[in-house]
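Colleague: In our numbering, the protein residues as written are 24 to 260.
Note that the Cβ used here is the ideal one computed from N, Cα and C, for glycine as well.
Quick caveat, the model's predicted, so the values are computed rather than measured.
In C-alpha cells:
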C-alpha cells in the first residue's frame, strides 16, 4: 500500500525513465510533487526503496531503477490507482464500556469483544494505516479496559527489541495523546502511519525505533498526531 505522494513519485520516475532513460533530479521531483524541500523527496525515495519498488544504484549520481509497479494499478486510468485509502483511523471501532467485573469462577460467562482489524502498520519505514476494516478478531475483554479499540497487523522489524515482530497483531486503544515512552500509532504529515515509541523533546517529537538498525526520526509537533496507544498484541505460532 503506497501513499498518494509515494505513488505519484514512483509514476513520475517511471514515466521519466521511459521517456529519456535518465532518472529525474531531486529538484525535478520536488517541483513535480509540489514539495517545499528535498528532504521530503528523500523520505519518499527511502520508503519506495524499502518496499521494493525502486533500487538506488551505488556509486552513481541520480542512479535510480524502477523494480516494480503497484499490483493495484488500473490500466483504464492510465496507470493511476483507482483509489487511495486515507490514513486516519476511523469507523466502527471495538468498544468496551468499562473493565469487566469478574467474580468467582464466571470467566466462561465473559463474552469476548469483537475488534476490527483496520489494516497494516509499519514497524519500520512508515506506510499507510488504512481505515477500511479488513476483518475482525475476538479479544478477551480483560485485555482492553474501557474505550474504543482497533487492531493492526505489523509489518517490519523496527520494534523487535520491544517484543513486537513482523506478523504480530497489535491491539490499540484509540486516543489522541500519549505519555513519553509509550508505543503509539503515529500519523505523520496526515498521510503515513507508523508504530513507534513516542518521545517529546522540547518543541520536537521523536519517533523512536526499538531496533538499532533504524534511526530515530525527529519532527515538528504539528507534523505528528497520535492515533492510539499500544495495549497488547496477539501472535500466531
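Cα separation between residue 111 and residue 87?
Modeller: By 1-based counting over the chain shown, the position of residue 111 is 88. By 1-based counting over the chain shown, the position of residue 87 is 64. With a pLDDT of 44 at residue 111, under the threshold of 50, the predicted position of this residue should be treated as unreliable, and no value is reported.
Colleague: Taking 8 Å as the threshold (C-beta atoms), are residue 56 and residue 28 in contact?
Modeller: As a working note, residue 28 is residue 5 in the chain shown. As a working note, residue 56 is residue 33 in the chain shown. Yes. Within cutoff.
Colleague: Which same chain residues, not among the five before or five after residue 176, have their C-beta less than 6 Å away from its C-beta?
Modeller: Looking up residue 176 in the chain shown gives position 153. Excluding residues within five positions, the ones whose Cβ falls inside 6 Å are 143, 192.
Colleague: From residue 162 to residue 195, what distance separates their C-alpha atoms?
Modeller: Taking the chain shown and counting its residues from 1, one reaches residue 162 at position 139. Taking the chain shown and counting its residues from 1, one reaches residue 195 at position 172. Those two C-alpha atoms are separated by around 12 Å.
Colleague: DSSP on residue 120, reduced to helix/strand/coil?
Modeller: Taking the first residue of the chain shown as position 1, residue 120 is located at position 97. Reliability fails at residue 120, whose pLDDT of 46 lies under 50, so the model's placement of it is uncertain and the value that follows must be treated cautiously. DSSP places residue 120 in coil when its eight states are reduced to three.
Colleague: Starting from residue 29, follow the alpha helix (DSSP H) in both directions and report where the run begins and ends.
Modeller: The residue you call residue 29 lines up with position 6 of the chain shown. Run containing residue 29: 27-43, per the alpha helix (DSSP H) assignment.
Colleague: Identify the continuous beta strand (DSSP E) that holds residue 217 and give its terminal residues.
Modeller: By 1-based counting over the chain shown, the position of residue 217 is 194. 215-224 is the span of the beta strand (DSSP E), which, as asked, contains residue 217.
Colleague: Can you give the beta carbon distance from residue 234 to residue 180, rounded, assuming they're within the 8 Å contact cut?
Modeller: Counted from its first residue, the chain shown places residue 234 at position 211. Counted from its first residue, the chain shown places residue 180 at position 157. Yes, residue 234 and residue 180 are in contact; Cβ-Cβ is about 6 Å, under 8 Å.
Colleague: On the three-state DSSP scale, how would you describe residue 58?
Modeller: As a first step, residue 58 must be located in the chain shown, where it is residue number 35. Residue 58 falls in the coil class under three-state DSSP.
Colleague: DSSP three-state label for residue 257, please.
Modeller: One-based indexing of the chain shown puts residue 257 at position 234. DSSP places residue 257 in strand when its eight states are reduced to three.
Colleague: Starting from residue 171 and walking both ways along the beta strand (DSSP E), at which residues does that stretch end?
Modeller: Within the chain shown, numbered from 1, the residue matching residue 171 stands at position 148. From DSSP, the beta strand (DSSP E) with residue 171 extends over 170-178.
Colleague: Look at the Cβ atom of residue 90, then the Cβ atom of residue 75, and state whether they are nearer than 8 Å.
Modeller: Against the chain shown, residue 90 aligns to sequence position 67. Against the chain shown, residue 75 aligns to sequence position 52. Taking 8 Å as the Cβ cut-off, residue 90 and residue 75 qualify as a contacting pair.
Colleague: Under the rule that 16 or more other beta-carbon atoms within 10 Å means buried, what is residue 219, buried or exposed?
Modeller: Numbered from 1 along the chain shown, position 196 holds the residue referred to as residue 219. Residue 219 comes out buried.
Colleague: Would DSSP call residue 139 helix, strand or coil?
Modeller: Here residue 139 refers to the residue found at position 116 of the chain shown. Residue state, collapsed to three classes: strand.
Colleague: In whole angstroms, what separates the C-alpha of residue 262 from that of residue 137?
Modeller: Nothing can be reported for residue 262, as the shown portion of the chain is limited to 24 through 260.
Colleague: What residues are listed by DSSP as bridge partners for residue 242?
Modeller: Indexing the chain shown from 1 puts residue 242 at position 219. Looking at the DSSP assignment, residue 242 forms a beta bridge with 228.
Colleague: Sort 167, 41, 45, 36 by Cα distance to residue 64 and report the nearest one.
Modeller: The count along the chain shown starts at 1 and reaches residue 64 at position 41. The shortest Cα separation from residue 64 among 167, 41, 45, 36 belongs to 36.
Colleague: Could you check whether residue 25 and residue 77 sit closer than 8 Å to each other, using their CB atoms as the reference points?
Modeller: Looking up residue 77 in the chain shown gives position 54. Looking up residue 25 in the chain shown gives position 2. It is not a contact, given that the beta carbons lie outside the stated cut-off.
Colleague: Let me check one thing: in DSSP terms, what residues is residue 209 bridge-paired to?
Modeller: As a working note, residue 209 is residue 186 in the chain shown. DSSP, once it has assigned bridges, lists 217, 249 as partnering residue 209.
Colleague: Does the separation of the CB atoms of residue 251 and residue 198 fall below 8 Å?
Modeller: Counting from 1 along the chain shown, the entry for residue 251 is found at position 228. Counting from 1 along the chain shown, the entry for residue 198 is found at position 175. Taking 8 Å as the Cβ cut-off, residue 251 and residue 198 qualify as a contacting pair.
Colleague: Please report the distance separating the alpha-carbon of residue 200 from that of residue 223.
Modeller: Taking the chain shown and counting its residues from 1, the one referred to as residue 200 is at position 177. Taking the chain shown and counting its residues from 1, the one referred to as residue 223 is at position 200. So the two alpha carbons sit approximately 12 Å from each other.
Colleague: Among 236, 225, 245, which one has its Cα closest to the Cα of residue 213?
Modeller: Mapped onto the chain shown, residue 213 falls at position 190. Ranking the options by Cα distance to residue 213, first place goes to 245.
Colleague: Where does residue 185 sit, in a helix, a strand or coil, going by DSSP?
Modeller: For the purposes of this step, residue 185 is taken as the residue at position 162 of the chain shown. Reduced to three states, the DSSP call for residue 185 is helix.
Colleague: Look up residue 159 in the DSSP assignment and give the residues it is bridged to.
Modeller: Residue numbering aside, residue 159 sits at position 136 when the chain shown is read from its first letter. Paired residues: 139.
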